[in-house]
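Student:
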């Protein structure tokens with residue numbers, strides 16, 4: 043396929059890693075097949091950093107979430123949507139997409155509406171068990187709709203359940219039982235690696251409950267007589283939740299706790315925690331983890 047006649051796909055995905063990473067997985071496959079990829083996103087979402095890192099051209103529009111923002115936001119919504127659609131129209135004239143692919147996020151709304159008005163073939167993918175509002179609204183205008191889970195949409199001939207797109211580096215990982223057999227062959231140095239990922243923005247419940255659960259393990263004397271020597275934790279908490287998550291792990295500074303006279307320090311389970319706002323290399327971390 044020559045540069046002159048190759049197809050262009052405009053991917054609309056932004057906001058969180060849950061939309062962006064599956065979209066990148068699709069983009070990589072399409073690029074390997076000679077398709078030119080253009081991206082529609084916002085400067086405030088993770089796509090502003092992740093997409094250029096993967097060498098894809100990204101086009102920005104101004105749009106944000108509207109739920110629970112008050113009366114003023116609702117009044118301004120039509121004007122913001124019109125502005126975003128005008129910006130999107132400019133992008134369409136520039137990149138001239140043959141197909142548009144909506145993978146979720148706020149940009150999919152104006153991107154999908156403009157695409158439909160311009161009669162561009164539109165494909166949607168829903169990553170969640172419950173379809174988002176944007177995909178629900180665009181469903182009737184899409185040529186084909188893919189979903190990760192049954193029940194996300196009502197049965198329809200244009201709907202196909204395919205699961206979530208996964209990057210090659212993740213599909214190539216060894217199966218857990220193979221990795222465990224190799225890793226835990228040496229029982230004298232048994233360690234448990236725990237990966238905590240509450241989505242790219244973090245999850246408030248995990249940021250609170252996981253530190254509390256690990257503190258209970260650290261204080262529970264009966265657990266310290268097992269073969270387990272160390273628990274290593276990598277915790278993705280989200281940029282905005284970094285300070286509060288570090289505070290929730292504050293008990294780590296208090297170790298050692300008060301121990302009974304009969305306590306055998308040799309069998310104490312060591313706990314190491316690495317708190318990160320965001321994890322880039324998920325394949326490496328999945329390979330490292332025993333429990334996710």
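Numbering (my numbering), first residue to last: 43 to 334.
The beta-carbon is built from N, C-alpha and C at its ideal position, and this holds for glycine as well.
As the structure is a prediction and not an experimental result, all values here were calculated from the model.
#1: Please give me, in chain order, every unbroken run of the beta strand (DSSP E) with length at least 3 that falls completely inside the stretch 108-151.
#2: Buried or exposed for residue 278, please, with buried defined as at least 16 other CB atoms from any protein chain shown within 10 angstroms of its CB.
#3: Can you tell me whether residue 173 is helix, strand or coil according to DSSP?
#4: Buried or exposed: residue 114, going by 16 or more other Cβ atoms within 10 Å of its Cβ?
#5: Give the DSSP bridge partners of residue 314, in chain order.
#6: Is the separation between the beta-carbon of residue 318 and that of residue 276 shorter than 8 Å?
#7: Take residue 93 and list the residues in its own chain whose beta-carbon comes closer than 8 Å to its own, dropping the five residues that flank it on each side.
#8: When you compare each of 220, 141, 159 to residue 49 by their alpha carbons, which one comes out closest?
#9: Between the Cα of residue 185 and those of 166, 194, 179, 170, spot the shortest distance and give me the residue it belongs to.
#10: My output table needs one value for residue 198: the three-state DSSP class, helix, strand or coil.
#11: Suppose you measure from the CA of residue 211 to the CA of residue 70; what does that come to, to the nearest Å?
#12: By DSSP, does residue 321 sit in helix, in strand, or in coil?
#13: With DSSP as the reference, label residue 96 as helix, strand or coil.
#14: Quick check on residue 173: buried or exposed, where buried means 16 or more other Cβ atoms within 10 Å of its Cβ?
#15: Under a Cβ-count criterion, where at least 16 other Cβ atoms within 10 Å of its own Cβ denotes burial, should residue 243 be classed as buried or exposed?
#16: Between the C-alpha atoms of residue 218 and residue 293, what's the straight-line distance to the nearest angstrom?
#17: Would you mind giving the Cβ-Cβ distance between residue 59 and residue 241, rounded to the nearest angstrom? I have them listed as a contact below 8 Å.
#18: What is the C-beta distance between residue 234 and residue 273, in whole angstroms, given that I count them as a contact (C-beta under 8 Å)?
#19: Specify the secondary structure class of residue 206 as computed by DSSP and reduced to three states.
#20: Using a threshold of 8 Å, state whether the C-beta atoms of residue 104 and residue 90 are closer than that.
#21: Which residues in the same chain as residue 132 place their Cβ atom closer than 8 Å to its Cβ, once the five residues preceding and following it in sequence are excluded?
#22: Considering only the alpha carbon of each residue, which of 144, 149, 221 lies closest to residue 128?
#23: Mind checking who residue 188 pairs with in its DSSP beta bridge?
#24: Hey, how far is the Cα of residue 189 from the Cα of residue 284?
#25: May I ask you to report which of helix, strand or coil DSSP gives residue 103?
#26: By DSSP's criteria, residue 81 is part of a beta bridge. Which residues make up the other side?
#27: Quick one, are the C-beta atoms of residue 164 and residue 191 less than 8 Å apart?
#28: Whole angstroms are fine: how far does the CA of residue 295 sit from the CA of residue 224?
#29: Look at the Cβ atom of residue 205, then the Cβ atom of residue 54, and state whether they are nearer than 8 Å.
#30: Grouping DSSP H, G and I as helix and E and B as strand, with all else coil, what is residue 334?
#31: Given residue 155, which residues of its chain have a CB within under 7 Å of its CB, disregarding the five upstream and five downstream residues?
#32: Check residue 258 in the structure and name its three-state DSSP category.
Tutor: In this structure, then:
#1: Fully enclosed beta strand (DSSP E) runs of 3 or longer: 141-146.
#2: As a first step, residue 278 is located in the chain shown; it is residue number 236 there, counting from the start. Buried, because 16 or more other Cβ atoms sit within 10 Å of the Cβ of residue 278.
#3: Mapped onto the chain shown, residue 173 falls at position 131. Note: residue 173 maps to coil in three-state DSSP.
#4: Walking along the chain shown from the start, residue 114 turns up at place 72. With fewer than 16 Cβ atoms within 10 Å of its Cβ, residue 114 is classed as exposed.
#5: Counting from one through the chain shown, the residue named residue 314 turns up at place 272. By DSSP's assignment, residue 314 forms a beta bridge with 274.
#6: Here residue 318 corresponds to residue number 276 of the chain shown, with the count starting at 1. Here residue 276 corresponds to residue number 234 of the chain shown, with the count starting at 1. The answer is yes: Cβ separation under 8 Å.
#7: Within the chain shown, residue 93 is the residue found at index 51, counting from 1. The residues are 62, 66, 81, 83, 100.
#8: Taking the chain shown and counting its residues from 1, the one referred to as residue 49 is at position 7. Checking every option, the nearest Cα to that of residue 49 belongs to 141.
#9: In the chain shown, the residue the question calls residue 185 occupies position 143. For the residues 166, 194, 179, 170, the minimum Cα distance to residue 185 belongs to 166.
#10: In the chain shown, counting from the first residue as 1, residue 198 sits at position 156. Reduced to three states, the DSSP call for residue 198 is coil.
#11: Here the question's residue 211 lines up with position 169 in the chain shown. Here the question's residue 70 lines up with position 28 in the chain shown. Residue 211 and residue 70: Cα-Cα distance of roughly 11 Å.
#12: Stepping through the chain shown from its first residue, residue 321 is reached at position 279. Here residue 321 sits in coil by DSSP.
#13: Locating residue 96 in the chain shown gives position 54, counting from the first residue. DSSP, reduced to helix, strand and coil, places residue 96 outside both helices and strands of the structure shown, so it counts as coil.
#14: On the chain shown, residue 173 is found 131 positions in, with the first residue counted as 1. Residue 173 is buried by the Cβ-count criterion.
#15: For the purposes of this step, residue 243 is taken as the residue at position 201 of the chain shown. Taking every protein chain shown into account, the CB of residue 243 has 16 or more other CB atoms within 10 angstroms, so this residue is buried.
#16: Taking the first residue of the chain shown as position 1, residue 218 is located at position 176. Taking the first residue of the chain shown as position 1, residue 293 is located at position 251. Cα-Cα distance, rounded: 31 Å.
#17: Against the chain shown, residue 59 aligns to sequence position 17. Against the chain shown, residue 241 aligns to sequence position 199. Going by Cβ atoms, the distance from residue 59 to residue 241 rounds to 7 Å, so yes, they are a contact pair.
#18: Here residue 234 corresponds to residue number 192 of the chain shown, with the count starting at 1. Here residue 273 corresponds to residue number 231 of the chain shown, with the count starting at 1. Yes, residue 234 and residue 273 are in contact; Cβ-Cβ is about 5 Å, under 8 Å.
#19: Here residue 206 refers to the residue found at position 164 when the chain shown is read from its first residue. Coil at residue 206, not helix or strand.
#20: The residue given as residue 104 occupies position 62 in the chain shown. The residue given as residue 90 occupies position 48 in the chain shown. Here residue 104 is not near residue 90, since their CB atoms are 8 Å or more apart.
#21: The residue labelled residue 132 in the question sits at position 90 within the chain shown. If we look at residue 132 and ignore the five residues flanking it on each side, it has no Cβ neighbours.
#22: Taking the chain shown and counting its residues from 1, the one referred to as residue 128 is at position 86. By alpha-carbon distance to residue 128, the top candidate from 144, 149, 221 is 149.
#23: In the chain shown, counting from the first residue as 1, residue 188 sits at position 146. Its beta-bridge partners are 167, 202.
#24: As a first step, residue 189 must be located in the chain shown, where it is residue number 147. As a first step, residue 284 must be located in the chain shown, where it is residue number 242. Taking the straight line from one Cα to the other gives about 32 Å.
#25: Mapped onto the chain shown, residue 103 falls at position 61. In the structure shown, residue 103 adopts coil according to DSSP, grouped into three states.
#26: The residue labelled residue 81 in the question sits at position 39 within the chain shown. 53, 100, per the DSSP bridge assignment.
#27: Taking the first residue of the chain shown as position 1, residue 164 is located at position 122. Taking the first residue of the chain shown as position 1, residue 191 is located at position 149. The Cβ atoms of residue 164 and residue 191 lie no closer than 8 Å to each other.
#28: As a first step, residue 224 must be located in the chain shown, where it is residue number 182. As a first step, residue 295 must be located in the chain shown, where it is residue number 253. Going by the C-alpha atoms only, they are around 33 Å apart.
#29: As a first step, residue 205 is located in the chain shown; it is residue number 163 there, counting from the start. As a first step, residue 54 is located in the chain shown; it is residue number 12 there, counting from the start. No, the pair does not count as a contact, with Cβ atoms beyond the cut-off.
#30: As a working mapping, residue 334 is identified with position 292 in the chain shown. In this structure, DSSP gives residue 334 a state outside helix and strand, which the three-state scheme calls coil.
#31: What you label residue 155 is simply residue 113 of the chain shown in a count that begins at 1. If the five residues before and after residue 155 are omitted, its C-beta is found closer than 7 Å to the C-beta atoms of 127, all from its own chain and listed in chain order.
#32: Along the chain shown, one-based indexing puts residue 258 at 216. Assigned with DSSP and collapsed to three states, residue 258 falls in helix.
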